[in-house]
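Okay, so here's the structure we're looking at.
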Amino acid sequence: MLPETGQSSAYGASKENNSLLSCPLFAPKRKPNNINQECVEPRVLNCIATIRGMSTAQSIGACIYCDKTDVNLTDEHITPYAFGNVTGDILHDASCTSCAAITSSFELTMLRENFLPIRSVLQMPSRSKKAYGSVKQTVQYKDGTTKEIDVPHDKYLGQFGLPIFQPPSYFNADFTKRLPVIDELQTFNIGNVANRKWYEDQGIEQQLVHHIKSNKGQAYVRFIMKIAYCAAVKFEGYEVVKDSPVRNLILGDDDHFAVYFGNLEDNQFTEPPQNNSVMRYAVASLDNSNKKLVAVQFFPFMEESPIYHTVV
Ligand SMILES: [Zn+2]
Numbered sequence: 000m001l002p003e004t005g006q007s008s009a010y011g012a013s014k015e016n017n018s019l020l021s022c023p024l025f026a027p028k029r030k031p032n033n034i035n036q037e038c039v040e041p042r043v044l045n046c047i048a049t050i051r052g053m054s055t056a057q058s059i060g061a062c063i064y065c066d067k068t069d070v071n072l073t074d075e076h077i078t079p080y081a082f083g084n085v086t087g088d089i090l091h092d093a094s095c096t097s098c099a100a101i102t103s104s105f106e107l108t109m110l111r112e113n114f115l116p117i118r119s120v121l122q123m124p125s126r127s128k129k130a131y132g133s134v135k136q137t138v139q140y141k142d143g144t145t146k147e148i149d150v151p152h153d154k155y156l157g158q159f160g161l162p163i164f165q166p167p168s169y170f171n172a173d174f175t176k177r178l179p180v181i182d183e184l185q186t187f188n189i190g191n192v193a194n195r196k197w198y199e200d201q202g203i204e205q206q207l208v209h210h211i212k213s214n215k216g217q218a219y220v221r222f223i224m225k226i227a228y229c230a231a232v233k234f235e236g237y238e239v240v241k242d243s244p245v246r247n248l249i250l251g252d253d254d255h256f257a258v259y260f261g262n263l264e265d266n267q268f269t270e271p272p273q274n275n276s277v278m279r280y281a282v283a284s285l286d287n288s289n290k291k292l293v294a295v296q297f298f299p300f301m302e303e304s305p306i307y308h309t310v311v
């Protein structure tokens with residue numbers, strides 16, 4: 000259900016723990032574990048980069064995932080191309096063909112499925128020549144039946160859900176955790192509320208929340224981890240972060256995602272987002288460790304959009 004609002008374009012947020020979250024990935028809400036003060040502590044993030052604020056591109060000359068140098072190397076976009084074509088937000092000659100095939104497979108899954116409604120509503124860039132036509136949306140009719148329909152992008156109105164995970168267990172010195180547990184879903188209204196009439200005219204009572212599918216949770220985490228690792232390469236240097244365990248997670252050779260990935264409540268960005276930025280990230284050093292903490296936030300203009308943390 001969409002809350003009533005007088006705004007023509009709504010980006011309201013609400014935290015939900017509703018029955019739509021019946022898949023195993025969405026566990027019941029739990030309080031995050033206490034962070035063990037004896038362990039490495041996250042540090043306040045102070046290095047801000049938004050997609051509009053970047054200026055320098057770097058050439059790496061090796062695959063940042065497998066270290067190969069004697070192969071054909073392609074450019075790596077830190078901010079996915081589909082989130083904005085950003086001058087300077089690129090690592091030149093940084094990914095070999097086989098690693099690029101792995102990373103683009105989970106990126107395409109996320110961009111074409113999870114993020115499609117919001118990309119469409121915001122008219123974000125697409126490599127596809129044809130503009131966004133319609134977007135799939137699961138709706139419920141007045142008689143109670145639910146169905147996935149094609150909604151013209153300019154008629155779309157719905158709720159978009161971004162998961163909030165438990166903190167990385169790295170901070171509890173627990174290196175056994177695998178798939179991250181989702182604590183709750185942060186939902187945002189997207190689209191023009193005037194489009195409500197389009198749904199009413201077709202006998203549609205409500206739109207179900209669009210969120211990552213239960214079997215795509217790993218792709219979502221790898222999608223964010225890749226952005227985080229590329230950001231660390233950019234700010235800290237390839238030689239500094241190339242031994243990071245997140246490389247094996249990104250490549251799918253390890254599944255201890257929950258050790259290095261999650262949401263940390265206390266580590267927020269220290270500056271407001273720049274206008275129009277669709278993504279931002281920041282890299283900080285962790286005390287007592289050579290590891291880096293990278294924060295990634297999608298759609299920072301949406302209030303309370305989750306900030307994801309990766310230990311690199
Ligand atoms: Zn490679």
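Taking the working numbering, the leading residue of the sequence shown gets 0, the next gets one more, and so forth.
The beta carbon of each residue, even a glycine, is placed where N, CA and C say it ideally should be.
These numbers come from a predicted model, not from an experiment.
Would you give the residue range spanned by the beta strand (DSSP E) that residue i belongs to?
i, result
"Glu183", "Ile181 to Gly190"
"Gln136", "Ser133 to Tyr140"
"Tyr307", "Ile306 to Val310"
Ignore the nearest five residues each way along the sequence and tell me which others in residue i's own chain have a CB closer than 6 Å to its CB.
i, result
"Lys176", "Ser168, Ala257 and Val258"
"Gly60", "Asp92"
"Thr73", "Ser94 and Ala99"
"Val295", "Ile223, Ile226, Ala227, Tyr280 and Tyr307"
Have a look at residue i and residue j and give me their C-alpha separation to the nearest angstrom.
i, j, result
"Asp149", "Gly251", "33 Å"
"Thr78", "Val180", "25 Å"
"Tyr140", "Gln158", "16 Å"
"Asn113", "His210", "6 Å"
"Tyr237", "Pro151", "43 Å"
"Asn191", "Val134", "14 Å"
"Pro116", "Tyr155", "8 Å"
"Pro244", "Ile89", "22 Å"
"Leu292", "Asp153", "38 Å"
"Phe260", "Asp200", "43 Å"
"Glu75", "Ala193", "39 Å"
"Asn45", "Gln267", "Below a pLDDT of 50, predicted positions are generally treated as unreliable, and Asn45, at 29, falls in that range; the measurement from the model is reported next regardless. One C-alpha to the other measures close to 9 Å."
Locate the alpha helix (DSSP H) running through residue i, then write down its first and last residues.
i, result
"Asp200", "Arg195 to Asp200"
"Glu302", "From DSSP, Glu302 is part of no alpha helix (DSSP H); its letter is neither H nor E."
"Ile117", "Leu115 to Val120"
I need the DSSP call for residue i, collapsed to helix, strand or coil.
i, result
"Lys28", "Because Lys28 carries a pLDDT of 33, less than 50, the predicted location of this residue cannot be relied on, and the following value inherits that uncertainty. Coil."
"Ser357", "As shown, the chain starts at 0 and ends at 311. That puts residue 357 outside it, with no answer to give."
"Leu292", "strand"
"Arg221", "helix"
"Thr144", "coil"
"Phe82", "helix"
"Arg177", "coil"
"Ala61", "coil"
"Ala99", "helix"
"Met278", "strand"
Under a Cβ-count criterion, where at least 16 other Cβ atoms within 10 Å of its own Cβ denotes burial, should residue i be classed as buried or exposed?
i, result
"Asp66", "exposed"
"Gly160", "buried"
"Ala100", "exposed"
Take residue i and list the residues in its own chain whose beta-carbon comes closer than 7 Å to its own, dropping the five residues that flank it on each side.
i, result
"Gly202", "Tyr140 and Lys141"
"Thr108", "Lys215 and Ala218"
Less than 8 Å between C-beta atoms, sequence neighbours within five positions excluded: which residues of the same chain meet that for residue i?
i, result
"Gln206", "Leu1, Gln136, Thr137, Val138, Gln139, Leu156, Gly157, Gln158 and Tyr198"
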